[in-house]
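If you're matching them up, the sequences are chains A, B, C and D in order.
First residue of the first sequence: 1, per the UniProt record's numbering; consecutive thereafter.
First residue of the second sequence: 1, per the UniProt record's numbering; consecutive thereafter.
First residue of the third sequence: 1, per the UniProt record's numbering; consecutive thereafter.
First residue of the fourth sequence: 1, per the UniProt record's numbering; consecutive thereafter.
This report refers to the structure that appears directly beneath it.
4 protein chains.
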Amino acid sequence: MRQPAMTAAEVKDYLIEVFPQTAHLFEIDEIAPMRARVRMLTGPEHLRPGGTVSGPTLFTLADCAFYVVTLAMIGRVALTVTTNCSINFMRKPAPGALVCEARILKLGKLLSVGDATIWSEGASEPAAHAALTYAIPPRRGENVG
Amino acid sequence: MRQPAMTAAEVKDYLIEVFPQTAHLFEIDEIAPMRARVRMLTGPEHLRPGGTVSGPTLFTLADCAFYVVTLAMIGRVALTVTTNCSINFMRKPAPGALVCEARILKLGKLLSVGDATIWSEGASEPAAHAALTYAIPPRRGENVG
Amino acid sequence: MRQPAMTAAEVKDYLIEVFPQTAHLFEIDEIAPMRARVRMLTGPEHLRPGGTVSGPTLFTLADCAFYVVTLAMIGRVALTVTTNCSINFMRKPAPGALVCEARILKLGKLLSVGDATIWSEGASEPAAHAALTYAIPPRRGENVG
Amino acid sequence: MRQPAMTAAEVKDYLIEVFPQTAHLFEIDEIAPMRARVRMLTGPEHLRPGGTVSGPTLFTLADCAFYVVTLAMIGRVALTVTTNCSINFMRKPAPGALVCEARILKLGKLLSVGDATIWSEGASEPAAHAALTYAIPPRRGENVG
């Protein structure tokens, strides 16, 4: 299986460089071939009525974790962008840390496709599950055909 | 066609009550039967590398606008929650105001299903399109069967 | 707005050529810029328990209608393929003809993105709504970058 | 973990009863708690231009496999219906048998939510991945509140 091109520390440094405003919310627990585990520390600004973590917060974590695993595999390509995300919200997560497992199911030249599953830290049943596609910009001079 | 249960001003007051931290980002331009138009004022915190509005910001707007149209139709049910959102990101929106048209395609007792389309203000072509489902909690004593 | 490259009759001939086994199920009612209306004639083989049209049948119609509108706009590119479809099933359609309105929201060099809405013929409320993405293969010698 | 209510043979008998026209296409390899593996035998009618299995065929298998695992867990509830499916098509499967692993991520009173991954038999990389939601009809006299 294809090996990662970056370590967890390298990806974290890169996030701080390109997302200076939000990178501090995320910790990268693990990078493995085609997989990553990312942790998010939620605060009061991430809650919604009823005291549970908001949907946009869960989306943000799924999106970030899939970005992390894609970057880890292909290296520094900042303009890699989400093209599709379908997310199912299943259980309302309590305030506190969230853990997300992202995995790539297909890593092509132009698209990275996979999913991300989110749990409240310590919970056995997932809070949300997302299927994601990222577009990878062609390198200059590269012929995609 | 079923008529809205709340006006734009009533929904806005309600958003301020239940989402005090984020309600100021949104303006409700129009409520019509099964439709709403919501505007979002983006700031530097909503941008990503390249200076375009981030995916989570677009998700937040689509989610909020569909919440607005659902609330407007069914009245004050704060615990109405997103169960599914599938979003396609199509064009990178420039910084500035975003406009979102949300429409309900099915309003059942338990689910509100529809979509939301987002444009940069003044642009003719959409930046993102989302299909959404919200779950409506059963009222006390109501038998859903 | 970009104009279609093929007429309804030309697209229908092409469907018969590339999908000889299923093309007879579909009629192309209308082609317009970035839009198409396609009709499907369902038979007993398309029903499920309870006598309603099956989910896979509705998926097939949404997928075909979006293929039709994409082909109509870009011309004969048989290997254009679905990469993502998110479909919401909202009402059970009765046996008989189904009508599908497909529209393209973004027509890029590599992707066609849009949605498709399905009604039972004569019904005012939709049975299903799908968001779809098709990948368009690069032409030989074309540099996508 | 909650145990299945039906065996593979019981589910197969039930499919034959409620889907007499299509049940012969599917074999149920395994039922486990919250998981099922279903095999589909494809024929010439399931192919599309280029000789690969069609998207609607892959959708049909994902949908059937998730129905199988949901039925296996909750027992005979024929009117259980798909409400949402988001499917990513990743690789073109060659003609022949397809294998699908379906898993439930949340089994509630009203909804069964999970995913399904499809491979060509013997392939190591998946052809398609779907996230699915099924609605479970309330039993007579049951108060969902």
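No residue lacks a Cβ here, since even glycine has one placed at the ideal position from N, Cα and C.
Within chain D, partners of residue i - CB distance below 9 Å
i: S54(A); result: Those do not exist, as S54(A) stays about 19 Å from chain D at its closest Cβ, beyond 9 Å.
i: K106(A); result: N88, M90, R91, E125, P126 and H129
Neighbour-count burial assignment, residue i, 16 or more Cβ in a 10 Å radius
i: G114(A); result: buried
i: P56(D); result: buried
i: H46(A); result: buried
i: P4(B); result: buried
i: V77(A); result: exposed
i: P7(B); result: Rather than Pro, the amino acid found at residue 7(B) in this sequence is Thr. Exposed.
i: S120(D); result: buried
i: H129(B); result: buried
i: I16(B); result: exposed
i: S124(D); result: exposed
i: M1(A); result: exposed
Partners in chain A for residue i, counting only beta-carbon separations shorter than 9 Å
i: L71(C); result: What L71(C) touches in chain A: nothing, since even the nearest Cβ is about 20 Å away.
Contacts of residue i in chain C (Cβ-Cβ under 7 Å)
i: S86(A); result: S86
i: T60(D); result: P56
Residue j beta carbon less than 9 Å from that of residue i
i: K106(A); j: P49(D); result: no
i: K12(B); j: E30(B); result: no
i: T82(C); j: L111(C); result: no
i: A131(C); j: I87(C); result: yes
i: G51(B); j: P95(B); result: yes
Within chain D, partners of residue i - CB distance below 7 Å
i: V113(A); result: N88 and M90
i: T117(C); result: Ordered by position in chain D, no residue passes the 7 Å Cβ test against T117(C), which lies about 15 Å from the chain.
i: D63(C); result: G55 and P56
For residue i, the residue or residues it bridges with in DSSP
i: D115(C); result: R103(C) and A131(C)
i: E30(C); result: R37(C)
i: R48(A); result: T52(A)
i: T82(A); result: Y134(A)
i: F89(A); result: A128(A)
i: L98(D); result: M40(D) and S120(D)
8 Å Cβ shell around residue i - same chain, five flanking residues per side excluded
i: V38(C); result: F26, E27, I28, D29, L61, C64, A65, V68, V99, C100 and A102
i: T80(D); result: Y67, T70, L71, I74, S112, Y134, A135, I136 and P137
i: residue 169(D); result: Outside the displayed range of chain D (1 to 145) lies residue 169(D), so it cannot be described from this structure.
i: K92(B); result: G50, T52, V53 and A127
Same chain, Cβ closer than 7 Å to residue i, neighbours up to 5 away in sequence not counted
i: V144(D); result: The predicted model places V144(D) with a pLDDT of 42, which falls under 50 and marks its position as unreliable; any figure quoted below should be read in that light. Result list for V144(D): K109, L110 and P138, in chain order.
i: A36(C); result: I28, E30, A65, V68, V69, A72 and A102
i: P33(C); result: M1, R2, Q3 and P4
i: F89(C); result: G55, L58 and A128
i: A9(C); result: none
Sequence-distant residues of its chain with Cβ nearer than 6 Å to residue i (five each side left out)
i: T117(B); result: E101, P126 and H129
i: E142(D); result: Bear in mind that the predicted position of E142(D) carries a pLDDT of just 49, short of 50, making it unreliable; the figure below should be weighed with that in mind. Nothing listed; no residue qualifies.
i: A23(C); result: L15 and I16
i: C85(A); result: A130 and L132
Amino acids of chain B, ordered along the chain, whose beta-carbon sits closer than 7 Å to that of residue i
i: residue 152(A); result: A question about residue 152(A) goes unanswered here, because the residues of chain A that appear run from 1 up to 145.
Partner residues on chain D for residue i, Cβ-Cβ distance less than 8 Å
i: F19(C); result: R48 and P49
Where residue i meets chain A, residues with beta-carbon distance less than 7 Å
i: E45(B); result: Q21
Listed by chain order, chain A residues near residue i by CB distance under 8 Å
i: T82(B); result: G55 and F89
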